[in-house]
DNA sequence: CCAAAAAACTATCGCTGTTAGTTTTCTCGC
DNA sequence: GCGAGAAAACTAACAGCGATAGTTTTTTGG
């Protein structure tokens with residue numbers, strides 16, 4: 001087959017198919033050949049639409065981030081908006097957990113990531129936060145969101161509980177139930193989120209417009 | 001060469017060499033052949049000491065985590081110990097940033113990771129925190145530490161500032177200087193750490209021994 | 001209408017992690 | 001002290017990976 005009358009591939013279609021594979025089989029399940037096959041095409045054809053695999057993964061990351069609610073910054077006070085935004089950010093990542101390690105690794109210059117940073121920073125400075133603090137706050141919340149989306153704490157405790165109990169006396173059944181892992185991540189995220197917001201609200205009057 | 005009179009490889013030696021490669025060239029720079037060459041050996045010999053590449057990476061992760069100070073939990077009050085531990089945890093990761101994405105990805109059952117979890121959980125419950133809260137607190141702090149160690153926020157803004165300025169009006173020079181990135185990460189981490197500790201100290205009297 | 005770009009292809013490259021099977025050396029039980 | 005078996009290196013090889021070069025056909029634009 002040479003060039004078809006109507007194109008088989010498109011960036012959007014390839015990106016959606018890649019996300020579906022990643023959701024189903026993890027990031028290692030995505031190979032260019034597998035992706036191409038799913039799309040009824042041979043692997044090198046992908047290079048007519050993407051510069052390489054990283055380009056595809058960047059597009060997938062952007063697709064996931066598009067679901068984050070940044071409009072809330074225009075509609076609510078800064079603290080309330082931060083809460084809504086952080087929860088929506090986390091929800092978008094948790095919906096596609098297998099892509100998170102890639103997003104955590106190569107952060108840089110994806111358009112939707114920059115849109116996120118710009119929205120948070122703009123809203124905070126507009127509310128009167130000093131610029132340096134606004135940067136820190138955005139970064140701090142990002143750490144919590146990505147950290148909890150990686151879901152790193154409780155996962156892995158799935159095996160036989162007795163194995164651990166012998167060597168690590170304080171870790172008991174509560175930790176070891178695989179079913180509890182997402183509840184732990186949820187609770188830890190909410191605890192962190194409210195702790196941060198609490199401190200920020202308390203800090204706000206002292207810092208507003210004073211340039212720190 | 002068949003079996004040598006004195007073994008060339010050891011788990012510790014391979015692990016150290018692997019960490020050195022990762023520190024120098026990132027996680028993608030580590031291949032079994034490259035690692036073997038560095039050790040004066042052929043790649044398959046590694047499989048006499050490790051079950052596979054993941055086994056090597058697990059060992060590297062353990063090696064890095066060994067530097068985290070968990071003894072402090074026996075010597076200081078819980079809140080002060082948490083602060084020291086979190087900073088030491090972060091410092092250990094920041095010293096080897098290239099391994100962090102791997103550690104964030106596969107968290108599970110590495111011995112030193114479990115030792116960490118056990119120490120935090122034990123110290124907090126001993127101080128009177130309810131078990132469920134102790135779990136959440138440990139996870140929450142882990143999110144902050146790993147998130148900030150990924151250093152994901154400011155990195156990537158290294159290119160020409162003008163490119164961004166056009167599309168993202170709120171992101172200005174302050175963000176774009178590559179040299180500022182680690183300062184941002186430091187500041188955001190400290191802000192998050194103190195926010196969390198502040199809230200926990202405030203929560204403590206209400207929650208102690210009451211079972212939440 | 002023709003040249004150039006676009007979008008598919010085949011063939012292939014070098015690299016990866018890993019396995020199989022071989023050889024030699026060390027270690028341990030009798 | 002010796003024989004069996006484990007241990008630790010090796011060579012050879014496999015399948016799969018991302019990516020490139022070059023080909024063919026179709027669409028598009030001046």
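Residue numbers (full-length UniProt numbering), protein chains in the order written: chain H, 1 to 212; chain V, 1 to 212.
Ideal Cβ placement from N, Cα and C applies to all residues, glycine included.
Please read all numbers here as calculations on a predicted model, not as lab measurements.
In chain V, which residues lie less than 8 Å from residue i when you measure between Cβ atoms?
i: residue 87/H; result: Going along chain V, no residue has its Cβ under 8 Å from residue 87/H, so there is no contact; the nearest lies around 14 Å.
i: residue 206/H; result: What residue 206/H touches in chain V: nothing, since even the nearest Cβ is about 14 Å away.
i: residue 136/H; result: 184, 187, 188 and 191
i: residue 114/H; result: 164, 167, 168 and 171
How big is the Cα-Cα spacing for residue i and residue j?
i: residue 65/V; j: residue 112/V; result: 6 Å
i: residue 147/V; j: residue 119/V; result: 21 Å
i: residue 101/H; j: residue 129/V; result: 32 Å
i: residue 94/V; j: residue 5/H; result: 53 Å
i: residue 96/V; j: residue 204/H; result: 35 Å
i: residue 116/V; j: residue 138/V; result: 9 Å
i: residue 20/H; j: residue 18/V; result: 34 Å
i: residue 50/V; j: residue 29/H; result: 24 Å
i: residue 58/V; j: residue 3/H; result: 47 Å
i: residue 153/V; j: residue 84/V; result: Any answer about residue 153/V is weak, because its pLDDT of 44 lies below 50 and its placement is not dependable; what the coordinates show is given next. Those two C-alpha atoms are separated by around 24 Å.
i: residue 188/V; j: residue 193/H; result: 14 Å
i: residue 168/H; j: residue 32/V; result: 33 Å
i: residue 133/H; j: residue 170/V; result: 14 Å
i: residue 39/V; j: residue 63/V; result: 18 Å
i: residue 56/H; j: residue 131/V; result: 43 Å
i: residue 200/V; j: residue 195/H; result: 8 Å
i: residue 11/V; j: residue 121/V; result: 30 Å
i: residue 44/H; j: residue 23/H; result: 23 Å
i: residue 206/V; j: residue 114/H; result: 41 Å
i: residue 77/V; j: residue 127/V; result: 8 Å
i: residue 7/H; j: residue 98/H; result: 29 Å
i: residue 74/H; j: residue 37/V; result: 57 Å
If we cut at 8 Å on Cβ distances, does residue i have a partner in chain H?
i: residue 101/V; result: yes
i: residue 139/V; result: yes
i: residue 29/V; result: no
i: residue 150/V; result: yes
i: residue 13/V; result: no
i: residue 147/V; result: yes
i: residue 10/V; result: no
Looking at chain V, is there any beta carbon in it that lies within less than 8 Å of the beta carbon of residue i?
i: residue 117/H; result: yes
i: residue 184/H; result: yes
i: residue 94/H; result: no
i: residue 144/H; result: yes
i: residue 51/H; result: no
i: residue 195/H; result: yes
i: residue 61/H; result: no
i: residue 40/H; result: no
i: residue 104/H; result: yes
For residue i, report the span of its alpha helix (DSSP H) as first-last.
i: residue 51/H; result: Where residue 51/H is concerned, there is no enclosing alpha helix (DSSP H), given that its DSSP letter is neither H nor E.
i: residue 34/V; result: 32–38
i: residue 128/H; result: Note, residue 128/H: premise wrong, no alpha helix (DSSP H); not H, not E.
i: residue 110/H; result: Taken as a continuous stretch (DSSP letters only), residue 110/H belongs to no alpha helix (DSSP H), as it is neither H nor E.
i: residue 205/V; result: 181–207
i: residue 19/V; result: 11–25
i: residue 66/V; result: Residue 66/V -> no alpha helix (DSSP H), and no H or E assigned at all.
i: residue 88/V; result: 78–94
Output, in chain order, the set of chain V residues within a Cβ distance shorter than 7 Å of residue i.
i: residue 198/H; result: 199
i: residue 221/H; result: This structure cannot speak to residue 221/H, because chain H is shown only from 1 to 212.
If residue i sits next to residue j, beta carbons under 8 Å apart, how far is it from one beta carbon to the other, in whole angstroms?
i: residue 215/V; j: residue 191/H; result: Residue 215/V is absent from the model: chain V starts at 1 and stops at 212.
i: residue 104/V; j: residue 104/H; result: 6 Å
i: residue 141/V; j: residue 46/V; result: Between residue 46/V and residue 141/V the Cβ distance is about 35 Å, and since that is not below 8 Å, they are no contact.
i: residue 41/H; j: residue 9/H; result: 6 Å
Starting from residue i, find everything on chain H with Cβ-Cβ shorter than 8 Å and list it in chain order.
i: residue 90/V; result: Within chain H, no residue comes near residue 90/V; the closest Cβ sits about 10 Å away, beyond 8 Å.
List, in chain order, every chain H residue whose beta-carbon is nearer than 9 Å to that of residue i.
i: residue 125/V; result: 170
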